[in-house]
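Protein chains in written order, with this note's numbering: chain C, 1 to 138; chain W, 1 to 451.
(1) Please identify the residue among W:181, W:245 and W:72 whose C-alpha is closest to the C-alpha of residue 211 of chain W.
(2) I want to verify the contact list: residues of chain C whose CB lies under 8 Å from the CB of residue 457 of chain W, in sequence order.
(3) Using a Cβ-Cβ distance under 9 Å, would residue 341 of chain W count as near chain C?
(4) Taking contact to mean at least 3 C-beta pairs separated by less than 8 Å, is the stretch 185-196 of chain W in contact with the stretch 26-37 of chain C?
(5) When the Cα atoms are used, what is the spatial distance from residue 447 of chain W to residue 115 of chain C?
(6) Give the DSSP bridge partners of residue 299 of chain W, in chain order.
(7) Taking the alpha-carbon positions, what's the residue 39 of chain W to residue 229 of chain W distance?
(8) I'd like to know if residue 22 of chain C contacts chain W, where contact means its C-beta is closer than 9 Å to some C-beta of that chain.
(9) For the beta strand (DSSP E) containing residue 129 of chain C, name the first residue and the last one.
(10) Against chain C, does residue 331 of chain W count as a neighbour if the rule is that its beta carbon must be under 9 Å from one of theirs?
(11) Give the DSSP bridge partners of residue 119 of chain W, in chain order.
(12) For chain W, check one thing: does any of its Cβ atoms lie closer than 9 Å to the Cβ of residue 150 of chain C?
(13) Mapping DSSP to helix, strand and coil, what is residue 137 of chain C?
(14) Of all the alpha helix (DSSP H) runs that stay within the bounds of the stretch 31-114 of chain C, which reach a length of 4 or more residues?
(15) What does residue 44 of chain W touch in chain C if you count any residue whose Cβ is under 7 Å from its own?
(16) In chain C, what lies closer than 7 Å to residue 241 of chain W by C-beta?
(17) Is there a Cβ from chain C that is less than 9 Å from the Cβ of residue 136 of chain W?
(18) I believe residue 106 of chain C touches residue 86 of chain C by the beta-carbon criterion, under 8 Å. Please report the beta-carbon distance rounded to the nearest angstrom.
(19) Please confirm whether residue 113 of chain W and residue 121 of chain C have their CB atoms less than 9 Å apart.
(20) Using the rule of at least 16 other Cβ atoms within 10 Å of the residue's Cβ for burial, across every protein chain shown, is residue 289 of chain W buried or exposed?
(21) Using beta carbons (cut-off 9 Å, strictly below), is residue 73 of chain C in contact with chain W?
(22) If you count every other CB in all the chains shown that lies within 10 Å of the CB of residue 79 of chain C, and 16 or more means buried, which is it?
(23) Identify whether residue 366 of chain W lies in helix, strand or coil by the three-state DSSP scheme.
(24) Taking the alpha helix (DSSP H) that residue 359 of chain W falls in, what are its first and last residues?
(25) Against chain C, which members of the stretch 103-131 of chain W pass a CB distance test of less than 7 Å?
(26) Out of C:53, C:16 and C:26, state which residue places its alpha-carbon closest to the alpha-carbon of residue 256 of chain W.
(27) Checking contacts by CB at 9 Å: is residue 54 of chain W closer than that to chain C?
(28) Are the C-beta of residue 3 of chain C and some C-beta of chain W separated by less than 9 Å?
(29) Mind listing the chain C neighbours of residue 406 of chain W? Cutoff is C-beta to C-beta under 7 Å, in chain order.
(30) Where do the N-terminal and C-terminal ends of the alpha helix (DSSP H) with residue 200 of chain W fall, by residue?
(31) Anything in chain C within Cβ reach of residue 403 of chain W, meaning under 9 Å, just list it in chain order.
(32) Are the beta-carbon atoms of residue 30 of chain W and residue 70 of chain W separated by less than 9 Å?
(33) To the nearest angstrom, how far is it from the Cα of residue 11 of chain C to the Cα of residue 200 of chain W?
(34) Give a yes or no on contact between the stretch 133-148 of chain W and the stretch 205-219 of chain W, applying the rule of three or more CB pairs nearer than 8 Å.
(35) Using a C-beta to C-beta distance shorter than 7 Å, which residues of chain C count as neighbours of residue 185 of chain W?
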């Protein structure tokens, strides 16, 4: 393989990657079913989520640490909901530190979790497996 | 030792060695905090002053620092000594080192006092990304100005190191796109782009590590044609394609466009070719004389080969959406990450460290040290296997309990706690094994620096 061929393949891959990235940034990710719940309160909630490093223990869409549960649908899950989540945020548990959050911060985090809840489902429990190894949600 | 490091730095001694010294210290710290994190899984109130929310980022950041520092140290050392490529600048690596060290100390302090603000892997306040980015610009500038002097065909590792540096800069920047509201405010876009960046980011540091592996293998084997063969380049381009497009198994369940998932699924399956090639080349020929001359490096390279095969097989399996639906969000993902980081990256980088230490000590390791390193090598690998298997079992059990039995989080944790106990004990065993490997290496570097 001569140097020009290598440069050509390398350049082709890079170019394809930038085109691909553009589509991932735009049409690939414009499906947000919870868009009507994005507001200043939920936006601040997201930053609080990062400031307290909640992702060290909790997952959203299965991504994050495993010390605590996946909280993507904590707001709509059976026997859970905003009051349930609020109780944890107020006092902590043996596994979860008490971060001494004030009421405003708790409401912002709940607003963020309410928004996430509307965007999709995690973990996916009802699904069908297709012949090619892909998965469809029921 | 740090005092000597400063003195040595002033004397403008070999900067690559100084990077390796800091890398080994980071590895000890990373595995130490990893052991604390593991203990907190089975004893939640263990070491309350450093809860899991702090110990986990301390563990991850120090291990990432180990990978970067040891890869970079090797590159700075090998280019002038083995590739006949004197560095374009000898001053830039020292600036690079001090930026890395100061930023690292600030990041660790932030974690200890609980000051976060970033996201997974880069939990530190985002402002600290700036010095990291600058240090990589300096490294990249120096690297490309150095290697572009080389005429004739490049060995594949020069391409790999260059690709790793370039794509680190790109993907590191991409991982901070969340600072813009367009990305941050839409959770589907935010998570998708975050894991797209992280997937390629890991791929970029793998380019640095695998390039190092090819370099060390070439030197141990004493055959320079290995790194210039057509097959090496085909494997490089296949790996590069996977770096760019094969990341989406992380986000199969995120409601982004289906084509993102299908495309990544297809690309991931091309890795079967790499797996096939590894199995085909299993136990390739190597002259006994060369092997004995670099016996410690050789041992670590052979171990990494086995771990490559196991982890690549696991990566392929969890890239199939029908399997990923059971494994995603379970400890199988941790097995995938830790198996690759310890089994592949750390084994390769230790091989590189010992190759380099062999060089500076003129292969005068004391017999006693060799015995300790050999024992440490076996202890590390045996416990790593137990560790890896316990995570696989814990993950498989968790996946089944979530999808089929639909149990609550507390019930699941109760069910998998025996596996997590084995995971913690084997993690501590691995820490002891690694200490047995690292301390003689640190001693050899210290002796070199003092003389």
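Just so it is clear, CB atoms sit at the ideal spot from N, CA and C, and this is done for glycine as well.
The structure says:
(1) W:72
(2) Lying outside 1 to 451, the shown extent of chain W, residue 457 of chain W is not represented and no answer is given.
(3) no
(4) yes
(5) 58 Å
(6) BP columns for residue 299 of chain W are empty, so no partner.
(7) 47 Å
(8) no
(9) 127-129
(10) yes
(11) W:122
(12) Summary: the structure shown does not reach residue 150 of chain C, with chain C confined to residues 1 through 138, and so no result is reported for it.
(13) strand
(14) 40-51 and 82-91
(15) 94 and 95
(16) 13
(17) no
(18) 6 Å
(19) no
(20) Residue confidence is low: residue 289 of chain W scores 48 on pLDDT, short of 50, so the model does not pin down where it sits. Its coordinate-derived value is still stated next. Exposed.
(21) no
(22) exposed
(23) coil
(24) 347-360
(25) 116, 117, 118, 119, 120 and 123
(26) C:26
(27) yes
(28) yes
(29) 125
(30) 187-221
(31) 123, 124, 125 and 127
(32) no
(33) 17 Å
(34) no
(35) 38 and 43
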